[in-house]
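Asks: Counting in the working numbering, the sequence shown runs from -9 upward without gaps.
Shown below is the structure under consideration.
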Amino acid sequence: MLNRIPTNFIPWIVLAASMATLSGAYFFQYGLGYVPCHLCLQERIPYIFAIGAALIAGILSREANLGIAPVVFIGLCALAFAIGSGLSGYHAGVEYKWWAGPATCTGGGLLSNSLQDLQAQLQGGTHAPRCDSAAWSLFGISLAGFNLLISLALCILSSLPVLRYFREAQGERV
């Protein structure tokens, strides 16, 4: 099935999926009120990077002959998603208590403009989110777990043009 996806479409698919995933994270944060923890915020960085790299790869791959430049940029997307998979896997493991999380396992939920606002938040029971407890889950999979699955899928998809490019280059040498 993956061989049926045209190589010059892959950057656009990666771009759309990255934007949709990041939009989902912002929807959970601003629409549903789930304040992200420190690890959640770090997991967004690969998507932000991939949006730019996939856009450049998509623009450069308008021609039928891809060349090396779009392959490099989509390869950078694959690297970003590999790192994102590692971050998400680490975060999911922390949530499922497979290993300990970082000592600074809190988010930025207690930021205030004045001392009075901060004091009111503290008295109101507002707590910064913890990295070691899943704020939301579906079928026993937390948001970090879903992020791991999405990152892995996008890493595989982003790797296809790179693998195809090197396969074609080896075939020309033989």
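Don't be surprised by glycine CBs; every beta carbon is placed ideally from N, CA and C.
Could you tell me which of Ala159, Gln160, Pro151 sits nearest to Ala44, measuring between CA atoms?
Replies: For the residues Ala159, Gln160, Pro151, the minimum Cα distance to Ala44 belongs to Pro151.
Asks: Decide yes or no for the touch test of the stretch 63 to 79 against the stretch 139 to 153: beta carbon pairs closer than 8 Å, at least 3 of them.
Replies: At 8 Å Cβ cutoff, the stretches touch.
Asks: DSSP three-state label for Leu147, please.
Replies: Looking at Leu147 - three-state DSSP - the assignment turns out to be helix.
Asks: Could you check where the alpha helix (DSSP H) with Leu30 kicks off and where it finishes?
Replies: Rather than Leu, the amino acid found at residue 30 in this sequence is Cys. Cys30 -> alpha helix (DSSP H) spans 28 to 33.
Asks: Would a C-beta distance cut-off of 8 Å place Ala59 and Pro1 closer than the cut-off?
Replies: No, these two residues do not count as a Cβ contact at 8 Å.
Asks: Just to confirm, are Ala125 and Tyr20 a CB contact at a threshold of 8 Å?
Replies: Against a cut-off of 8 Å, the Cβ pair of Tyr20 and Ala125 comes out as no contact.
Asks: With a threshold of 16 other CB atoms inside 10 Å of the CB of Ile140, please say whether the residue is buried or exposed.
Replies: Label assigned to Ile140: buried.
Asks: Identify the continuous alpha helix (DSSP H) that holds Tyr86 and give its terminal residues.
Replies: No alpha helix (DSSP H) holds Tyr86; DSSP gives it neither H nor E.
Asks: Taking only the alpha-carbon atoms, compute the straight-line gap between Pro26 and Glu158 and give it to the nearest angstrom.
Replies: The alpha-carbon atoms of Pro26 and Glu158 are separated by roughly 43 Å.
Asks: Taking the alpha-carbon positions, what's the His81 to Gly130 distance?
Replies: Each residue's alpha carbon lies about 15 Å from the other.
Asks: Can you tell me the Cβ-Cβ gap for Ser51 and Asn(-2), rounded? I've got them flagged as a contact below 8 Å.
Replies: Between Asn(-2) and Ser51 the Cβ distance is about 4 Å, and since that is below 8 Å, they are a contact.
Asks: When we look at the beta-carbon of Ile231 and count the other beta-carbons within 10 Å, is it buried (16 or more) or exposed?
Replies: Outside the modelled stretch of the chain, which goes from -9 to 164, sits residue 231, for which no answer is possible.
Asks: Only counting the same chain, and skipping five residues up and downstream in sequence, which positions put a Cβ closer than 6 Å to that of Leu8?
Replies: Correcting the residue identity first, residue 8 is Ser in this sequence and not Leu. Only Tyr37, Ala40, Ile41 meet the Cβ criterion.
Asks: Would you please state the rounded distance, in angstroms, between the beta carbons of Ser78 and Ala134? I believe it to be under 8 Å.
Replies: Yes, they are in contact, since the Cβ atoms of Ser78 and Ala134 sit about 5 Å apart, within 8 Å.
Asks: Roughly how many angstroms separate the alpha carbons of Leu29 and Phe17, rounded to a whole number?
Replies: Rounded to the nearest angstrom, the two C-alpha atoms are 17 Å apart.
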